[in-house]
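Novice: Residue numbers (my numbering), protein chains in the order written: chain A, 1 to 240; chain B, 241 to 433. Glycine included, each C-beta is placed from N, C-alpha and C at the ideal position. Mind looking over this structure? Questions follow.
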């Protein structure tokens with residue numbers, strides 16, 4: 001099985017929401033969940049990514065997350081009468097799950113269901129300067145490369161008898177053997193990439209075109225309203 | 241000094257090195273899930289990431305590249321579900337580091353060591369949420385453990401927490417030295433530094 005983040009082919013069959021909506025929801029979840037302690041806001045914030053995953057037919061992830069989250073939330077709300085060390089530890093663990101969970105899941109949804117081109121199209125529509133867009137897309141182009149290079153170097157080093165547990169010397173030495181070749185090959189690939197991108201006109205001052213079809217639909221409206229509702233609730237319970 | 245504009249080539253370089261930095265950072269950051277090592281994160285991460293950053297600096301000769309790198313790491317942190325704080329911290333400390341490098345015209349060794357120390361302090365953006373959550377913990381502990389105990393624990397937390405900026409800075413300095421050593425040991429020979 002291969003996990004692909006920001007893959008280049010989109011899944012046409014399933015319902016997809018606009019990348020801008022995803023970013024908007026992610027921001028609202030991040031802002032509201034971290035600074036508040038009200039259980040229904042936390043539950044609503046968790047509901048959004050869970051339902052999004054459910055729509056994408058990733059039911060196992062949605063189910064398991066909602067189970068863990070519900071248990072954690074129930075513990076946090078009802079068993080908060082901490083009297084000993086164990087319950088304080090429980091309160092801390094559930095607190096972290098409750099606050100980190102929704103944002104983390106939403107972030108995972110964002111990168112696992114958006115293609116690079118869609119992301120670039122969305123960023124261009126949001127008038128983000130190209131000083132951010134170009135490095136950003138290069139970066140995502142590069143993550144799989146690093147993984148590939150790293151595993152090749154691992155194999156090459158194993159052939160020479162350099163691997164965990166076998167080699168004499170410290171971990172630092174081992175990391176030197178593994179990381180330095182990785183950096184060197186990455187720099188080389190980066191230079192080649194930069195040449196090839198320039199020959200394809202990335203450096204031209206003209207506005208680039210994009211074949212990705214992004215736009216808002218009814219489902220975006222629904223989730224937009226839900227996210228705004230969370231923001232309103234947050235303002236109310238903050239007493240602003 | 242003539243002010244040079246950022247070319248597309250520079251932007252691609254920024255992307256490549258940000259990817260390397262982030263992968264290394266994320267892999268090492270997994271150590272943070274082991275509770276005791278958590279306190280060491282601000283010290284250890286900058287040391288490891290010093291090598292790619294120093295290599296990156298050899299390619300930097302214009303203002304703005306380090307700032308963009310800081311902001312990009314901040315954006316990645318936001319996208320992977322951290323708070324919005326790393327974005328602000330990444331931008332601010334990236335800018336500060338950029339200014340320090342600029343004073344040395346991106347070639348001064350001393351300033352690049354200090355600059356990387358400053359750049360490493362963006363890590364604090366990840367720790368800030370724990371300050372915010374402190375209130376919640378304080379309340380829980382106050383209800384159950386009594387004032388005396390709570391105050392002791394929080395004082396301890398405050399004592400440790402204040403060391404984080406210095407730890408990050410120190411980690412950056414050590415990392416920069418380490419990176420420069422690696423640079424002269426390997427990369428100069430290979431002809432890419």
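Kindly indicate which three-state DSSP category residue 247 of chain B falls into: helix, strand or coil?
Specialist: In the structure shown, residue 247 of chain B sits in coil (DSSP, three-state: anything other than H, G, I, E or B).
Novice: How many angstroms separate the CA atom of residue 411 of chain B from the CA atom of residue 363 of chain B?
Specialist: Taking the straight line from one Cα to the other gives about 11 Å.
Novice: So does the region 15 to 27 of chain A actually touch the region 192 to 207 of chain A, counting three or more Cβ pairs closer than 8 Å?
Specialist: No, the region 15 to 27 of chain A is not in contact with the region 192 to 207 of chain A.
Novice: Among the candidates B:335, B:345 and B:367, whose CA atom is the shortest distance from the CA of residue 357 of chain B?
Specialist: Cα-wise, what sits closest to residue 357 of chain B is B:335.
Novice: Grab me the residues of residue 291 of chain B's own chain with a C-beta within less than 6 Å of its C-beta, minus the 5 sequence neighbours each way, in chain order.
Specialist: Result list for residue 291 of chain B: 419 and 422, in chain order.
Novice: Do you know offhand how far residue 95 of chain A's Cα is from residue 209 of chain A's?
Specialist: Answer to the nearest angstrom: the Cα atoms are 45 Å apart.
Novice: Can you give me the start and stop residues for the alpha helix (DSSP H) that residue 159 of chain A sits inside?
Specialist: Note, residue 159 of chain A: alpha helix (DSSP H), 130 to 159.
Novice: Have a look at B:346, B:284 and B:333 and flag the residue whose alpha-carbon is nearest the alpha-carbon of residue 440 of chain B.
Specialist: Chain B is shown from 241 up to 433; residue 440 of chain B falls before or after that span and cannot be answered.
Novice: Verify the CB distance criterion: does residue 312 of chain B have a CB-CB separation below 9 Å to chain A?
Specialist: By this cut-off, residue 312 of chain B is an interface position.
Novice: Can you tell me which of the three DSSP states residue 208 of chain A falls into?
Specialist: Reduced to three states, the DSSP call for residue 208 of chain A is coil.
Novice: Does the beta-carbon distance from residue 351 of chain B to residue 305 of chain B come in below 9 Å?
Specialist: Result no, Cβ atoms of residue 351 of chain B and residue 305 of chain B do not sit closer than 9 Å.
Novice: Relative to the alpha-carbon of residue 325 of chain B, which residue among B:407, B:366 and B:248 has its alpha-carbon at the smallest distance?
Specialist: Residue 325 of chain B has its Cα closest to that of B:366, out of B:407, B:366 and B:248.
Novice: Near residue 123 of chain A, which residues of its chain fall below 7 Å by C-beta distance, leaving aside the five closest residues on each side in sequence?
Specialist: Within the same chain, residue 123 of chain A has close Cβ partners 133.
Novice: Report yes if the CB atom of residue 184 of chain A is closer than 9 Å to the CB atom of residue 174 of chain A, and no otherwise.
Specialist: No; because the gap between Cβ atoms is not below 9 Å, this pair is not in contact.
Novice: Using a Cβ cut-off of 8 Å, pull out every chain A residue sitting near residue 249 of chain B, in sequence order please.
Specialist: Going along chain A in sequence order, the residues near residue 249 of chain B (Cβ under 8 Å) are 194, 198 and 203.
Novice: Flag residue 26 of chain A as yes if its beta-carbon sits less than 9 Å from any beta-carbon of chain B, otherwise no.
Specialist: Taking Cβ atoms only, chain B reaches closer than 9 Å to residue 26 of chain A, which makes this a yes.
Novice: Give a yes or no on whether 9 Å exceeds the smallest Cβ distance from residue 416 of chain B to chain A.
Specialist: With 9 Å as the cut-off, residue 416 of chain B does not count as an interface residue toward chain A.
Novice: Is residue 98 of chain A buried or exposed, if buried means 16 or more other CB atoms sit within 10 Å of its CB?
Specialist: Per the 10 Å Cβ criterion, buried.
Novice: Taking only beta carbons into account, state which residues of the region 138 to 151 of chain A come closer than 7 Å to chain B, listed in chain order.
Specialist: Cβ contacts with chain B: 138, 139, 142, 143 and 146.
Novice: Check the Cβ-Cβ distances between residue 124 of chain A and every residue of chain B, and say whether any is below 9 Å.
Specialist: No - not a single Cβ of chain B is within 9 Å of the one on residue 124 of chain A.
Novice: How big is the Cα-Cα spacing for residue 229 of chain A and residue 48 of chain A?
Specialist: Their backbone Cα atoms lie some 12 Å apart in a straight line.
Novice: Taking the alpha helix (DSSP H) that residue 188 of chain A belongs to, which residues open and close that run?
Specialist: Run containing residue 188 of chain A: 171 to 199, per the alpha helix (DSSP H) assignment.
Novice: May I ask you to report which of helix, strand or coil DSSP gives residue 202 of chain A?
Specialist: Residue 202 of chain A falls in the coil class under three-state DSSP.
Novice: Take the Cβ of residue 318 of chain B as the centre, count every other Cβ of all protein chains shown within 10 Å, and call the residue buried at 16 or more, exposed below.
Specialist: Buried, since its Cβ has 16 or more Cβ neighbours within 10 Å.
Novice: Just reading off the alpha helix (DSSP H) that residue 40 of chain A is part of, what are its end residues?
Specialist: Residues 39 to 55.
Novice: Quick check: the Cα distance between residue 54 of chain A and residue 219 of chain A, rounded to an integer number of angstroms?
Specialist: In a straight line, the C-alpha of residue 54 of chain A is about 14 Å away from that of residue 219 of chain A.
Novice: Are the CB atoms of residue 251 of chain B and residue 74 of chain A within a distance shorter than 9 Å?
Specialist: No, these two residues do not count as a Cβ contact at 9 Å.
Novice: Using the rule of at least 16 other Cβ atoms within 10 Å of the residue's Cβ for burial, across every protein chain shown, is residue 102 of chain A buried or exposed?
Specialist: Flag for residue 102 of chain A reads buried.
Novice: Contact check, residue 289 of chain B vs residue 266 of chain B under 8 Å by CB: the rounded distance?
Specialist: Going by Cβ atoms, the distance from residue 289 of chain B to residue 266 of chain B rounds to 11 Å, so no, they are not a contact pair.
Novice: Is residue 69 of chain A closer than 9 Å to residue 50 of chain A when the C-beta atoms are compared?
Specialist: Yes. Within cutoff.
Novice: From this set, B:313, B:269, B:281 and B:349, which residue's C-alpha is nearest residue 406 of chain B's C-alpha?
Specialist: Nearest C-alpha to residue 406 of chain B: B:281.
Novice: Counting only Cβ pairs nearer than 9 Å, list the residues of chain B close to residue 134 of chain A.
Specialist: Simply 248, 251, 252, 254 and 255.
Novice: Would you kindly work out how many angstroms separate the C-alpha atoms of residue 2 of chain A and residue 26 of chain A, rounded to a whole number?
Specialist: Below a pLDDT of 50, predicted positions are generally treated as unreliable, and residue 2 of chain A, at 45, falls in that range; the measurement from the model is reported next regardless. When rounded, the distance between both Cα atoms is 25 Å.
Novice: Tell me, please, whether the CB atom of residue 428 of chain B is closer than 9 Å to any CB atom in chain A?
Specialist: So, not an interface residue.
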